[in-house]
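Residue numbers (my numbering), protein chains in the order written: chain A, 338 to 463; chain B, 742 to 1225.
Inspection log for the structure reproduced underneath, given as structure tokens.
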């Protein structure tokens, strides 16, 4: 199971990479594997204010549509436009393909997320 | 069998008809019709002989697979056999030759049919009265949620905007509630796969409008705590919506009205055995409890002495939800089903649906993983998670493998709370022999998964179209023929 040590994780299988005050969000390798071939990624609108655990966007695979929740509160400042035409990038490189980035309003929310070890344990239990 | 499209069979000038010689002056079209209304070029339509067109349609019908061709255990979608007498009754000229704008006194029979169907469905569901207007299940849900809105508006409680929906619900439930102006909160299932009463209690805040439930649920499980759930929701000032998609499991046994529900929609094209294929036409009647009767759509069909009439005089009504009176021919077929089956027949249909599902479940659970190992209702959910991990064979591979045996696959990857889900619903009309054939087939597929998994990855081999590229089918579907 591919779980990079430098990222944070949620129980909804999102990952977070922190760069300064901005949190980049994608879905974990486990999540892409469960979803199967991803055929569409809806990109959220830039400048949208979002709360932690609020639904930010949706991903569609050949099996299902799944919501992606924002792990942190703040404002959406970037989206990965490459996914518009190449949604399969998430399948081939889940951690190299962020979906959206949030400028955090409360960095302490990161403390409640799991580190790689905790996420690994969480997956084993699931 | 030729796989050529009818366009590819076309040859310029070939026809399947011959007109008699012209006996009127031959005037150019452009002199007769304003040029702005005329095409600039001739449309590319296939030109074929009569025998070619017959072969074309006959070929299409043979490449189709329906209930009349074989076993079709599509969970949640309830592909029941449609007795042919329904079609006979639905084709009676007295029904097919009337017009929706005819005077009431000239369509008394049709109005009587609407009245009697509404009455029968009210009795079957334990509700007060209803409307037959909605065109399908999701339309029924939307109508039901508009009734919720009207009820809270009348009570000056429009702050109630939250609708609770279980994680296993049909996707249309949250969609319909959202379109009707509510917001959704999910209710978690407990370890039994049922609504968790404890977490429900915490979610019943003063902004709650109600709950949408399917009972039995999409897992094929009966919500045993429904009386307690109904009590809690009503106590909190909310209403209960019953998604009737699974009503076929409980007819004559237990009624949603008696469970405490306020609104129910029925899928006549499922439970009441009207055709389902090709996306419809469906019918999604809505029945309501006493407290919502005033809000039902207009016109309502009423009876005055021996006469039936359309009543538009309802001040609190949400208005029309269809141009006229719904999918009329479907209503006729459903009524034919109800009266030919009778109350005993409907009860038996539910009993056999549940019996057949439990028979398959017991036969298959030793080989395939039964996700919730308990008595099921009309359907049950297996998981291929272990098979995928150990043998590399997914629910999709099993589904494709079934096609080679002349069996329609069950529903796969739904409900999403079960990984690698296969949702099997045999329905009531299948014989023990057919069920045994399905069991044998599933066991053979399991053996194949162990011995020769490659063959399953390549399945189906015997169908007119072999395995499609699912990604490209979504991303770049080729839906149109283009002339070279």
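We treat Cβ as the ideally placed atom computed from N, Cα and C, and that holds for glycine.
Thinking C-alpha only, which one of the options is nearest residue i?
{"i": "residue 771/B", "options": "883/B, 764/B, 781/B", "result": "781/B"}
{"i": "residue 1166/B", "options": "815/B, 808/B, 804/B, 1216/B", "result": "815/B"}
{"i": "residue 417/A", "options": "366/A, 373/A, 379/A", "result": "379/A"}
{"i": "residue 876/B", "options": "994/B, 1007/B, 1095/B", "result": "1007/B"}
{"i": "residue 389/A", "options": "402/A, 351/A, 406/A", "result": "406/A"}
{"i": "residue 788/B", "options": "775/B, 918/B, 755/B", "result": "755/B"}
{"i": "residue 415/A", "options": "460/A, 408/A, 436/A", "result": "436/A"}
{"i": "residue 1149/B", "options": "776/B, 749/B, 819/B", "result": "819/B"}
{"i": "residue 923/B", "options": "1175/B, 890/B, 1050/B", "result": "890/B"}
{"i": "residue 879/B", "options": "914/B, 851/B, 899/B", "result": "914/B"}
{"i": "residue 757/B", "options": "746/B, 793/B, 773/B", "result": "793/B"}
{"i": "residue 421/A", "options": "366/A, 377/A, 412/A, 400/A", "result": "377/A"}
{"i": "residue 1016/B", "options": "822/B, 765/B, 802/B", "result": "822/B"}
{"i": "residue 953/B", "options": "840/B, 967/B, 1217/B", "result": "967/B"}
{"i": "residue 1073/B", "options": "1047/B, 1099/B, 905/B, 1013/B", "result": "1013/B"}
{"i": "residue 790/B", "options": "798/B, 784/B, 1092/B", "result": "798/B"}
{"i": "residue 383/A", "options": "461/A, 413/A, 424/A, 398/A", "result": "413/A"}
{"i": "residue 340/A", "options": "400/A, 393/A, 369/A, 426/A", "result": "369/A"}
{"i": "residue 1025/B", "options": "1188/B, 1191/B, 1005/B, 1043/B", "result": "1005/B"}
{"i": "residue 395/A", "options": "351/A, 360/A, 456/A, 409/A", "result": "351/A"}
So with CB distances below 7 Å, who are the chain B contacts of residue i?
{"i": "residue 401/A", "result": "1154, 1157"}
Give the secondary structure of residue i by DSSP, where H, G and I count as helix, E and B as strand, and everything else as coil.
{"i": "residue 804/B", "result": "helix"}
{"i": "residue 1064/B", "result": "coil"}
{"i": "residue 363/A", "result": "strand"}
{"i": "residue 1189/B", "result": "helix"}
{"i": "residue 453/A", "result": "helix"}
{"i": "residue 742/B", "result": "Low per-residue confidence applies at residue 742/B: pLDDT is 49, beneath 50, and the placement is therefore not dependable enough to give any value."}
{"i": "residue 414/A", "result": "strand"}
{"i": "residue 341/A", "result": "coil"}
{"i": "residue 763/B", "result": "coil"}
{"i": "residue 1124/B", "result": "strand"}
{"i": "residue 868/B", "result": "coil"}
{"i": "residue 988/B", "result": "helix"}
{"i": "residue 1007/B", "result": "coil"}
{"i": "residue 377/A", "result": "strand"}
{"i": "residue 1194/B", "result": "helix"}
{"i": "residue 970/B", "result": "helix"}
{"i": "residue 997/B", "result": "helix"}
{"i": "residue 1044/B", "result": "strand"}
{"i": "residue 346/A", "result": "strand"}
So which residues of chain B does residue i contact, with C-beta pairs closer than 8 Å?
{"i": "residue 374/A", "result": "1211, 1212"}
Since residue i meets chain A, which of its residues come closer than 7 Å, beta carbon to beta carbon?
{"i": "residue 1141/B", "result": "What residue 1141/B touches in chain A: nothing, since even the nearest Cβ is about 13 Å away."}
{"i": "residue 1216/B", "result": "376"}
Just to make sure I have the definition right: I need the residues of chain A whose C-beta is within less than 9 Å of the C-beta of residue i. Which are they?
{"i": "residue 1027/B", "result": "Those do not exist, as residue 1027/B stays about 27 Å from chain A at its closest Cβ, beyond 9 Å."}
Count the other C-beta atoms from every protein chain shown that fall within 10 angstroms of the C-beta of residue i, then say buried if there are 16 or more, exposed otherwise.
{"i": "residue 894/B", "result": "exposed"}
{"i": "residue 1139/B", "result": "buried"}
{"i": "residue 696/B", "result": "The requested residue 696/B is not part of the displayed model; chain B covers only 742 to 1225."}
{"i": "residue 809/B", "result": "exposed"}
{"i": "residue 1222/B", "result": "exposed"}
{"i": "residue 786/B", "result": "exposed"}
{"i": "residue 911/B", "result": "buried"}
{"i": "residue 987/B", "result": "buried"}
{"i": "residue 990/B", "result": "buried"}
{"i": "residue 742/B", "result": "For residue 742/B, the pLDDT reaches just 49, beneath the cut-off of 50, and the residue's location in the model is therefore unreliable, leaving the point undetermined."}
{"i": "residue 774/B", "result": "exposed"}
{"i": "residue 1023/B", "result": "buried"}
{"i": "residue 956/B", "result": "buried"}
Assuming residue i contacts residue j (C-beta within less than 8 Å), just tell me the rounded distance between them.
{"i": "residue 935/B", "j": "residue 965/B", "result": "7 Å"}
{"i": "residue 1124/B", "j": "residue 1070/B", "result": "Going by Cβ atoms, the distance from residue 1124/B to residue 1070/B rounds to 40 Å, so no, they are not a contact pair."}
{"i": "residue 1226/B", "j": "residue 1063/B", "result": "With chain B represented from 742 up to 1225, any question about residue 1226/B goes unanswered, as that position is not in the structure."}
{"i": "residue 1102/B", "j": "residue 1121/B", "result": "4 Å"}
{"i": "residue 1030/B", "j": "residue 998/B", "result": "6 Å"}
{"i": "residue 439/A", "j": "residue 362/A", "result": "7 Å"}
{"i": "residue 1145/B", "j": "residue 1202/B", "result": "6 Å"}
{"i": "residue 888/B", "j": "residue 1036/B", "result": "5 Å"}
{"i": "residue 1134/B", "j": "residue 1087/B", "result": "Actually they are not in contact, since the Cβ atoms of residue 1134/B and residue 1087/B sit about 39 Å apart, beyond 8 Å."}
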